[in-house]
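So for the sequence shown, the UniProt record's numbering puts the first residue at 1; every next one is plus one. Don't be surprised by glycine CBs; every beta carbon is placed ideally from N, CA and C. Keep in mind that this is a model prediction, so the values were computed, not measured. Working notes, beginning with the structure itself.
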Amino acid sequence: MDEEKPNSAPPKRIAQIAMISAVMLWVTGPPLGWWPVAFVAVIPWLFLIATDTPLDRRGYLAIWLTSTVYWLVTLQGLRHAHPAMYLCWILLAAYLAVYHVAFVGICRRAVARRIPLYVAAPIVWVATELIRNYFLTGISAAMLGHALVGVPMMIQIADLFGSYGIGMVLMCCNVATFLQFRRYRGNADRRSMLIATSIASLALIATCGYGYWRLSQPLGEPLATIALLQRDEEVVYEQSGERQEEIFRNYARQAIEAVGESDKPIDLVVWPESMFTGSATWMTAPPNAPVPKEASMTPAEFQAGIVEHQQYFNQRSRSIQQMMIAAKPGRKPPEFLAGCGVIRYDDPIELYSGVVHVGADGDLADWYGKTHLVLVGENIPWISQLPVIGSWIPHLNVGEGGKRMHIAGIDVSPNICIETAVERVTVNQMRALSRTGAVPDVVVTVTNDGWFDDSSIIEHHLRCAQMVAVGIRRPIVSAANNGPTAQINSNGNVVARLATGVNETLIATPRADARDTVYVKIGDIPAWCCVIVTAFFIKRRKVVS
Numbered sequence: 001m002d003e004e005k006p007n008s009a010p011p012k013r014i015a016q017i018a019m020i021s022a023v024m025l026w027v028t029g030p031p032l033g034w035w036p037v038a039f040v041a042v043i044p045w046l047f048l049i050a051t052d053t054p055l056d057r058r059g060y061l062a063i064w065l066t067s068t069v070y071w072l073v074t075l076q077g078l079r080h081a082h083p084a085m086y087l088c089w090i091l092l093a094a095y096l097a098v099y100h101v102a103f104v105g106i107c108r109r110a111v112a113r114r115i116p117l118y119v120a121a122p123i124v125w126v127a128t129e130l131i132r133n134y135f136l137t138g139i140s141a142a143m144l145g146h147a148l149v150g151v152p153m154m155i156q157i158a159d160l161f162g163s164y165g166i167g168m169v170l171m172c173c174n175v176a177t178f179l180q181f182r183r184y185r186g187n188a189d190r191r192s193m194l195i196a197t198s199i200a201s202l203a204l205i206a207t208c209g210y211g212y213w214r215l216s217q218p219l220g221e222p223l224a225t226i227a228l229l230q231r232d233e234e235v236v237y238e239q240s241g242e243r244q245e246e247i248f249r250n251y252a253r254q255a256i257e258a259v260g261e262s263d264k265p266i267d268l269v270v271w272p273e274s275m276f277t278g279s280a281t282w283m284t285a286p287p288n289a290p291v292p293k294e295a296s297m298t299p300a301e302f303q304a305g306i307v308e309h310q311q312y313f314n315q316r317s318r319s320i321q322q323m324m325i326a327a328k329p330g331r332k333p334p335e336f337l338a339g340c341g342v343i344r345y346d347d348p349i350e351l352y353s354g355v356v357h358v359g360a361d362g363d364l365a366d367w368y369g370k371t372h373l374v375l376v377g378e379n380i381p382w383i384s385q386l387p388v389i390g391s392w393i394p395h396l397n398v399g400e401g402g403k404r405m406h407i408a409g410i411d412v413s414p415n416i417c418i419e420t421a422v423e424r425v426t427v428n429q430m431r432a433l434s435r436t437g438a439v440p441d442v443v444v445t446v447t448n449d450g451w452f453d454d455s456s457i458i459e460h461h462l463r464c465a466q467m468v469a470v471g472i473r474r475p476i477v478s479a480a481n482n483g484p485t486a487q488i489n490s491n492g493n494v495v496a497r498l499a500t501g502v503n504e505t506l507i508a509t510p511r512a513d514a515r516d517t518v519y520v521k522i523g524d525i526p527a528w529c530c531v532i533v534t535a536f537f538i539k540r541r542k543v544v545s
């Protein structure tokens, strides 16, 4: 007689259990930020992993649906950007939910193959977080480790392993607590519980000890006095030239007032993403650039037109600088680091979301092109690169890579928008710069989060930047339309910030930090090792009792 297969767990019951984890994960993030819950938030999922009751397709579908709801609520601010973003928001939530399903499914497979839960769960969790940081351009928001940004002692290991390391520590704690509960109920062996508890205890002690040591190290002297501009300027996708010019004038007026009212000289003024453009993008062209078909002029006339536009751009910058110091005789004009569109006339014409560096003389000294573009909004991967079809689809070009700019006596690495929200981008830029000996003193990021109104997306963006600051051991200052405008030190602490949606200027004085980090040197190799081990979990044969 064939043995009867045990009945699968009811989907409704699975959904209820999974929803408890989803709710607990959500309360650890913005707007509540209840970080202690992160130490137990994954336990309901661990129950689904450890249960002997089979999970059928309906069970995994229930987990996916509850996780989709979690991501819909967590990232609901995305829908504010444009009516078309509702579909993107739903698709993104549905996609991210797959990782939670994969976590449960792979861990169940590993446990069935006699891999201890205290080994499988932390490794598989890190593997899923790493893959979502790369696949489809990547997203770092709402990583498990981000729950502890308000606990400085617990996040200092980010300079060793990034946010992945903090997430692994939290997962070890979740597993230990879960096995202690199961042991109390008589459903877990004493040895597994003791090993899991020992691992979690050692991880916590090491994390806190390392954090205490790192936080006890003094920071350096202030690098410069930086004015970070923020306004609540409404933005839309189809912005008229008149509206762009109005936004530019509003920011220029605020910048002039901020410098004029400051008691101490301002070394650098930072304008948010695209807010310096107005009606004048920065234009450049190589000497042999072909004349665009729509331009009825000779090559010489075209080159003269480019030079004339550059002169206008520089004169506009000089005018603002002169008005800034008009009430402060003897002061040197501040330099600008400003979000501004860039057009490079070549074959084909290249469009960039850029940051321009305007020197104290008013002339443009350098510019940086955004290297990590927003999925769909700025670029459609693969399709935009196709020979013919790609030219039909509006998209921005990818910049050449991280850059160090010497500004106001310090070395600055500019970032734009999502580049600090995808952890690996800034870390990889720092690694590339360090190999050339061009390590910057500070990261200056410009962003336009006016798309997301007063939603938690802004806080998630700030959390990502805090983790990056620890990972690279450099201060980060951010100037944002709407927010987050903030000064973050190299320990991940928010030294100062502006409230979301206010029209104010934050005067930041970031402090130097010359510490090197393991994370910058080796990147996410340890996390990739977790991916390899996870693949082994999947392929290992099932052990039959």
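Cα atoms of V307 and G29: separation of roughly 50 Å, rounded to the nearest angstrom.
Ranked by Cα distance from K370, the first of Q310, I199, T509, Y352 is Y352. DSSP places W213 in the helix class (H, G or I) of the three-state scheme.
Within the model, the alpha-carbon separation for P10 versus A110 is close to 22 Å. In this structure, D267 keeps its C-beta atom at 8 Å or more from the C-beta atom of N482. The C-alpha of D263 is placed about 38 Å away from the C-alpha of G77. Its chain contains T128 as the residues whose beta carbon lies nearer than 7 Å to that of A102, once the 5 sequence neighbours on both sides are disregarded; these appear in chain order. Counting along the chain, the unbroken alpha helix (DSSP H) around L91 starts and ends at 85-112. Taking the Cα of G209 as reference, the smallest distance to any Cα among F181, I155, C464, P348 is reached at I155. Distance from the CA atom of Q303 to the CA atom of D363, rounded to whole angstroms, is 18 Å.
A contact is defined here as three or more CB-CB pairs under 8 Å, and the region 499-506 fails this definition with respect to the region 518-530.
When Cβ pairs closer than 8 Å are counted between the two stretches, the region 167-184 is seen not to touch the region 451-466, the count staying below three.
Per DSSP, reduced to three states, the secondary structure at N481 is strand. Relative to K332, the option among D516, V259, P510 whose CA is nearest is V259. Residue burial annotation: V236 is exposed, with fewer than 16 other C-beta atoms found within 10 angstroms of its C-beta. Here F536 is exposed: its Cβ has fewer than 16 other Cβ atoms, across all protein chains shown, within 10 Å. Judged by DSSP in its simplified three-state form, P11 adopts helix. For P414, the enclosing beta strand (DSSP E) stretches over residues 410-416. Here Y312 is exposed: its Cβ has fewer than 16 other Cβ atoms, across all protein chains shown, within 10 Å. The Cβ-Cβ distance between V442 and L223 falls below 8 Å. Residue environment analysis places P348 among the exposed positions, since fewer than 16 neighbouring C-beta atoms fall within 10 angstroms of its C-beta. With the rule of 3 Cβ pairs closer than 8 Å, the region 54-66 counts as touching the region 11-22. DSSP places L351 inside the beta strand (DSSP E), whose first and last residues are 350-358. Per DSSP, the continuous alpha helix (DSSP H) segment holding F313 begins and ends at 299-325.
Distance from E273 to C417 at the Cβ level is roughly 5 Å; contact confirmed, criterion being Cβ atoms closer than 8 Å. Annotation for D449: no beta strand (DSSP E) segment contains it, and DSSP assigns it neither H nor E. Annotation for W367: the continuous beta strand (DSSP E) segment containing it runs 364-369. When rounded, the separation of the alpha-carbon atoms in L202 and M153 is 15 Å. Contact annotation: the region 429-438 does not touch the region 284-299, with fewer than three C-beta pairs closer than 8 Å. Here DSSP, grouped into helix, strand and coil, assigns E504 to strand. In the three-state reduction of the DSSP assignment, G77 falls in the helix class.
Annotated as distal: N133 and V531, with beta-carbon spacing of 8 Å or more. Between the alpha carbons of A121 and R404 lies a distance of about 40 Å. Under the three-state reduction of DSSP output, I226 falls in the strand class. DSSP places F336 within a strand segment (E or B) once states are collapsed to three.
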